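Residue numbers (this note's numbering): 2 to 569.
And the structure:
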C-alpha cells in the first residue's frame, strides 16, 4: 500500500492552524477537543469504519444529534453511499431506501460543494421534503470533503442540541475536521484498494491451482463461478458458454438457487451476447430494468458485470457476477479487477484444457503401443502355437490326445479373436471418466488453502471412491466448497479439519457418506446470514439426507462443525 505523502499532511495541518489564528477565546478553548477529534478520525484504515468514525466525531464536536456523509458516485451526479450517525436502526429500516442525491438539498450540494449553514433547512428553496418515518430536522450544517484535491462527498450535521443553531465556531471546527477527514479517507482508500487487489489475486491463484490439478470441465467451470461470486461480493457467479446458434448458455452457477438458472440461454439476437462473444465487457446498472437483458433471470438482479472469458484471441465464454436488486453498484476498481480475473480465469481454463489434451494424448499413445504389442507379438505367437498344435494333432495316434489338442486349438482361436476385439477397443476414443471423489475433495482443500493461508487437515474413512455414487459425490464436493468458503469468509478460523466417512449409517439403517467440516472460528452469530447453510441442507435433502451444525474445534466447543450426510 502506498504511504501517505508527509507533505500533504503538513500542508493540511498548516492550513488548519492558520484557520484558527485570530479566532475567539471560545473557539480557541475548543481546540483540544478538535485535536482529539482529528486524532480519532485518523486512527483507522478500513474505509467504512473511517466514515462511521468521522460522522460520530463531527456530531460530538458540533453538538449535533445527527450526522451523515454522502459519498459522491463516479459520475458526480448522485450518491454511491450514505453513512449516518444518530438514526436508530429501526428508524432507518422504516425509512427504507437511502438518499441517492439526485434531488433536494443533498443533490444541490453535490453540484455546488460549498459550506452551508441553515437555521431551518425546511425553509430553503432547495429542500424537497423528508420520506415517511424520517425524524424531524431543522438546523443544518454541510461541509464538503476533499480527497487529494477532488470532492469525495459532503459531511452533513443536523439538529444542534438544546434547540440552538450552528454557529460560525461550529463551521470553522467542522471545516478543519473535514480537512483531516479527507486525509484519513485517502489513506483508507489506498488500504482498501490494496486489500481488494490482494483478494482478487488470491482468487486467481486459487482458480489456477484448482484447474491445473485435474478434474472434468464441469467442475472447472463451477470453481470459476464460485470464486467470482465470492470475490465480487455478488448474489451469483455465472459461467456461460457459446451455443451453436450463436448465443450463450448458462453451464455453471454459484448461488443460493443454482438449479433454476442452469440451461438458460441468452439468444444470439441479444446485444449483450454479441458484445461478449466479440470480447467486450458489459456493465449493467440495473439488470431488472435494462432493455438489453432479455432472459427471465434479469428481474432478480440489480448491478451486474458481464465479462468475456477470452485469452490469446479466443473467446471461451462469459462470466457474470450480478448483485441483488438495490445493492450498491460496482466501482471502477472492482470492474478493473474483475476484468483481470476473467482474463486470468480464461488463461487457466485454456491451460487446463491443454493439460487434459496432453494427458489424453499420452493415454492414446500408450493404448496404441499396447495394441501394437498385442498384434505384433502376442497374436503372432498364439498363431504359431496353434499351427504347431494342429501339426501335432495330425500326427497323434491316440484319439483322446487328438481330441484334446483340437479343443486347445479352438480355445486359441477364441483367444485370438478376443485379443483382436481388445485391440479394436484400444484404438477407439475412451469415454472420459470423472475424477475419483478422493481426488476432487483434495482439490477443494488445496484450493481453499490459498485464501485461508493454511491447508485444512483431512481424513478419509472407508472406500469412498467405490461406495459413493457420482451424483452424491458431486453434491458432497459442492457442500465441501460451500463449507470451506463460509469458514474463510465468516469464521476467521486458524484450524479446519475435513472428514469424509463412508462407513456411517442413517437412522433407518441405510449406509451413508458423511462430510464433516470443523473449525475453531467465531461460530455462527445470532441473526447471522444463513443462506449458505440452507443451500447445504437443500443439497442433502434432495438426496434423502440431512445437514446440521455442531460445536467446533475451539476451546469449550467454540467454532462450528458442519455435518452433511447422504445415503449411498
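Virtual Cβ for every residue (Gly too), placed ideally from N, Cα, C.
Please read all numbers here as calculations on a predicted model, not as lab measurements.
For a test of the three-state rule: what should DSSP assign to residue i, helix, strand or coil?
i: residue 149; result: coil
i: residue 160; result: strand
i: residue 135; result: coil
i: residue 86; result: strand
i: residue 245; result: coil
i: residue 522; result: coil
i: residue 455; result: coil
i: residue 390; result: helix
i: residue 568; result: strand
i: residue 498; result: strand
i: residue 512; result: strand
i: residue 549; result: strand
i: residue 170; result: helix
i: residue 561; result: strand
i: residue 81; result: strand
i: residue 489; result: helix
i: residue 141; result: strand
i: residue 556; result: helix
i: residue 223; result: helix
i: residue 469; result: coil
i: residue 331; result: coil
i: residue 129; result: coil
i: residue 336; result: helix
i: residue 206; result: helix
i: residue 410; result: helix
Note down the Cα distance separating residue i from residue j, rounded to an integer number of angstroms.
i: residue 508; j: residue 438; result: 24 Å
i: residue 386; j: residue 407; result: 13 Å
i: residue 160; j: residue 68; result: 9 Å
i: residue 307; j: residue 280; result: 11 Å
i: residue 181; j: residue 170; result: 17 Å
i: residue 66; j: residue 237; result: 39 Å
i: residue 95; j: residue 337; result: 36 Å
i: residue 315; j: residue 501; result: 39 Å
i: residue 79; j: residue 206; result: 36 Å
i: residue 568; j: residue 242; result: 33 Å
i: residue 234; j: residue 324; result: 8 Å
i: residue 416; j: residue 389; result: 16 Å
i: residue 489; j: residue 449; result: 8 Å
i: residue 401; j: residue 379; result: 29 Å
i: residue 570; j: residue 256; result: Nothing about residue 570 can be read from this structure; the chain reaches only from 2 to 569.
i: residue 64; j: residue 165; result: 10 Å
i: residue 545; j: residue 538; result: 10 Å
i: residue 137; j: residue 55; result: 22 Å
i: residue 564; j: residue 505; result: 12 Å
i: residue 90; j: residue 468; result: 52 Å
So the candidates are the options; which of them puts its Cα closest to the Cα of residue i?
i: residue 129; options: 190, 204, 107; result: 107
i: residue 228; options: 558, 565, 483; result: 483
i: residue 272; options: 295, 263, 253; result: 295
i: residue 179; options: 149, 150, 145, 187; result: 145
i: residue 163; options: 519, 140, 189, 154; result: 140
i: residue 277; options: 303, 463, 240, 481; result: 240
i: residue 114; options: 70, 223, 91; result: 70
i: residue 154; options: 256, 72, 263; result: 72
i: residue 248; options: 455, 379, 404, 318; result: 318
i: residue 472; options: 541, 372, 375; result: 541
i: residue 491; options: 204, 521, 183; result: 521
i: residue 142; options: 98, 538, 559, 62; result: 62
i: residue 177; options: 198, 188, 116; result: 116
i: residue 150; options: 298, 183, 123; result: 183
i: residue 1; options: 493, 168, 487; result: The displayed coordinates of the chain run from 2 to 569. Any statement about residue 1 would go beyond what the structure contains.
i: residue 302; options: 290, 309, 464; result: 290
Whole-angstrom Cβ separation of residue i and residue j, contact assumed at under 8 Å?
i: residue 312; j: residue 344; result: 6 Å
i: residue 561; j: residue 524; result: 5 Å
i: residue 518; j: residue 485; result: 7 Å
i: residue 499; j: residue 459; result: 4 Å
i: residue 120; j: residue 87; result: Between residue 87 and residue 120 the Cβ distance is about 20 Å, and since that is not below 8 Å, they are no contact.
i: residue 221; j: residue 350; result: 6 Å
i: residue 81; j: residue 329; result: 7 Å
i: residue 51; j: residue 202; result: The Cβ separation is near 24 Å, so there is no contact.
i: residue 574; j: residue 477; result: Shown here, the chain extends from 2 to 569; a query on residue 574 therefore has no answer.
i: residue 342; j: residue 204; result: 6 Å
i: residue 48; j: residue 189; result: 4 Å
Got a sec: does the ligand ATP put a non-hydrogen atom nearer than 6 Å to the Cβ of residue i?
i: residue 185; result: For the structure depicted, the ligand ATP is absent and the ligand set is empty, with no information on it obtainable.
Beta strand (DSSP E) runs contained entirely in the segment 247-326, provided each spans 3 or more residues: Within the segment 247-326, the runs of beta strand (DSSP E) that reach at least 3 residues and sit entirely inside it are, in chain order, 249-255, 283-285, 302-312, 315-325.
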